[in-house]
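Presented below is the structure to which this report refers.
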Amino acid sequence: MLGKIFGVLCLISLVCASITGKLEALGGAAAQGAASAVTVSLGLLGAMALWNGIMRVLDAAGATRALAAVTAPILRFVFPDAYRKNRGISEITAAVTANMLGLGNAATPLSIAAMKALAENGRDEVAVRGRATDEMVTFVVLSTASLDLVPTTLLALRTAAGSANPGEILVPVWICSSLCALSAVLLAKIPSAVGRWLGRTIKPPADSSPPKMGWRKRRGDGMLS
Amino acid sequence: MKFAAGLVVPLILAAVGALMLFARREKSEKYFDAFIAGARDGMQTAVKLLPALVALLCAVAMFNASGAAELLARLAAPVCGALGIPPEIIPLLVVRPVSGSASSALAAELFSRVSPDSFAGRCASVILGSSDTALYIIAVYFAAVGIKKTRHTLPAALAVMAVCVLLACTLVRWLY
Numbered sequence: 001m002l003g004k005i006f007g008v009l010c011l012i013s014l015v016c017a018s019i020t021g022k023l024e025a026l027g028g029a030a031a032q033g034a035a036s037a038v039t040v041s042l043g044l045l046g047a048m049a050l051w052n053g054i055m056r057v058l059d060a061a062g063a064t065r066a067l068a069a070v071t072a073p074i075l076r077f078v079f080p081d082a083y084r085k086n087r088g089i090s091e092i093t094a095a096v097t098a099n100m101l102g103l104g105n106a107a108t109p110l111s112i113a114a115m116k117a118l119a120e121n122g123r124d125e126v127a128v129r130g131r132a133t134d135e136m137v138t139f140v141v142l143s144t145a146s147l148d149l150v151p152t153t154l155l156a157l158r159t160a161a162g163s164a165n166p167g168e169i170l171v172p173v174w175i176c177s178s179l180c181a182l183s184a185v186l187l188a189k190i191p192s193a194v195g196r197w198l199g200r201t202i203k204p205p206a207d208s209s210p211p212k213m214g215w216r217k218r219r220g221d222g223m224l225s
Numbered sequence: 226m227k228f229a230a231g232l233v234v235p236l237i238l239a240a241v242g243a244l245m246l247f248a249r250r251e252k253s254e255k256y257f258d259a260f261i262a263g264a265r266d267g268m269q270t271a272v273k274l275l276p277a278l279v280a281l282l283c284a285v286a287m288f289n290a291s292g293a294a295e296l297l298a299r300l301a302a303p304v305c306g307a308l309g310i311p312p313e314i315i316p317l318l319v320v321r322p323v324s325g326s327a328s329s330a331l332a333a334e335l336f337s338r339v340s341p342d343s344f345a346g347r348c349a350s351v352i353l354g355s356s357d358t359a360l361y362i363i364a365v366y367f368a369a370v371g372i373k374k375t376r377h378t379l380p381a382a383l384a385v386m387a388v389c390v391l392l393a394c395t396l397v398r399w400l401y
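Line by line, the protein sequences give chains U and P. For the first sequence, counting from 1, position 54 maps to 54 in the working numbering; every step adds exactly one. For the second sequence, counting from 1, position 173 maps to 398 in the working numbering; every step adds exactly one.
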């Protein structure tokens, strides 16, 4: 992906520069940009080290467990199927709290574990039709809305750029990300609900039995395995 | 508001300091070791970012020098003006769902042109802090379970990004 971004930027600037007649400025700009990368990442070094260190201390002091205790009831409400089937909630909670504490390296494997648990919950849907279940969609959309409580790279970038108060954006970031998380859940769930409602009222799919039977059947399957 | 926002970082640092001071000795050592390990990780992240930053900042500098950035900002200005989005952050908005290191590069470059404490700088900060690389996340998470039919995941994620951008700019305008 980075290669494509690089290519698009270079081509557009070449075309644009030849139209505006600024071709000779390009070489100098390229060299300057490359040099500024070093100053930026030097500035990032200290701040990134500080913030990652602090987040790790909070993690060691049990912040993960405390956060999980707060988020688990909410997540139970957001993922009722996983809660009912008693599989996936702990993985989802672990992934969400790791994301909230900005433990990036830990968050991705945990999220993948959560996805696997959700896939197991919707086995027929996933294995037979290769289709994401409602709760998988909700989980992924929720993950794309950043839940990071302390966005370390952002703080580091602001510090490196000489901001008078790098942390002043934390409060708006918290407000914005929680509202985004809320809208993520709504935007993921409403189309699913509408789809289910349309499927029930307009064209009952031929391969499925009436809802109540289906529920009983699936429930029975789960008990046997 | 300004006062409260300035307090957040010192409070976090003070909490961590108190944690290390009032914990029992072996625990305190454990916390400090955790700090060292985390700090090492953070530095590694910054160092790992460098090669990508070189390429991207080079491309972004060319993009700016060619006048393309100016053109893009001018083209987007009417729409941005209506929505209350500073036109300088348009390239960041395009790249944000696709790549984390590219959006860091664009933010670094933006902060070198306009101050991180300006309106555009604050908008960019809040957007960067409250959005994530949606396309990357969708690709990785679904690939891990072998799913191709992702249904309404992508449109919903992009809609969340749009909500995030509008909300961030509105919040910055209200709070500062």
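Glycine residues also receive a C-beta, built at the ideal position from the N, C-alpha and C atoms.
Look at Val-279 of chain P: its C-beta is under 8 Å from a C-beta on chain U.
Across the segment 70–83 of chain U, no CB contact with chain P closer than 7 Å is found for any residue.
Taking 8 Å as the threshold, the shortest C-beta distance from Cys-305 of chain P to chain U does not fall below it.
With contacts defined as CB atoms closer than 8 Å, Cys-348 of chain P and Pro-311 of chain P qualify as a contacting pair.
For the pair Asp-357 of chain P and Val-397 of chain P, the Cα-to-Cα distance works out to about 19 Å.
In this structure, the alpha-carbon of Ser-350 of chain P lies about 19 Å from that of Ala-384 of chain P.
Ser-183 of chain U: member of the alpha helix (DSSP H) spanning 170–201, first to last residue. Restricting attention to P:Ala-248, P:Met-268, P:Val-279, P:Gly-263, the CA atom closest to the CA of Phe-6 of chain U is found in P:Val-279.
For Asn-289 of chain P, the enclosing alpha helix (DSSP H) has its first and last residue at 250–290. With a threshold of 8 Å between beta carbons, Ala-301 of chain P makes no contact with chain U. Here Leu-67 of chain U is buried: its Cβ has 16 or more other Cβ atoms, across all protein chains shown, within 10 Å. By a beta-carbon distance limit of 8 Å, Ser-324 of chain P contacts Tyr-361 of chain P. Their separation comes to about 7 Å.
For Ile-175 of chain U, the nearest beta carbon of chain P is closer than 8 Å to its own beta carbon. Residue-level contact by beta carbon holds for Ala-359 of chain P and chain U, with a gap shorter than 8 Å. In this model, Gly-46 of chain U and Pro-341 of chain P are separated by some 18 Å (Cα to Cα). The beta carbons of Ala-29 of chain U and Met-287 of chain P sit closer together than 8 Å.
DSSP lists U:Arg-131 as the beta-bridge partner residues of Lys-374 of chain P. The straight-line gap separating the alpha-carbon atoms of Phe-257 of chain P and Ile-54 of chain U is approximately 9 Å. By the rule that beta-carbons nearer than 8 Å mark a contact, Leu-187 of chain U touches chain P. Below 8 Å, enough C-beta pairs join the segment 134–146 of chain U and the segment 111–122 of chain U to call them touching: three or more. In the three-state reduction of the DSSP assignment, Pro-151 of chain U falls in the coil class.
Taking a beta-carbon distance threshold of 8 Å, Phe-260 of chain P counts as an interface residue toward chain U.
DSSP, read as helix, strand or coil, puts Leu-101 of chain U in coil. Interface criterion not met: the Cβ of Asn-121 of chain U is under 8 Å from no Cβ in chain P. Between Ala-49 of chain U and Met-268 of chain P, the beta carbon gap of about 5 Å places them in contact (Cβ cut-off 8 Å).
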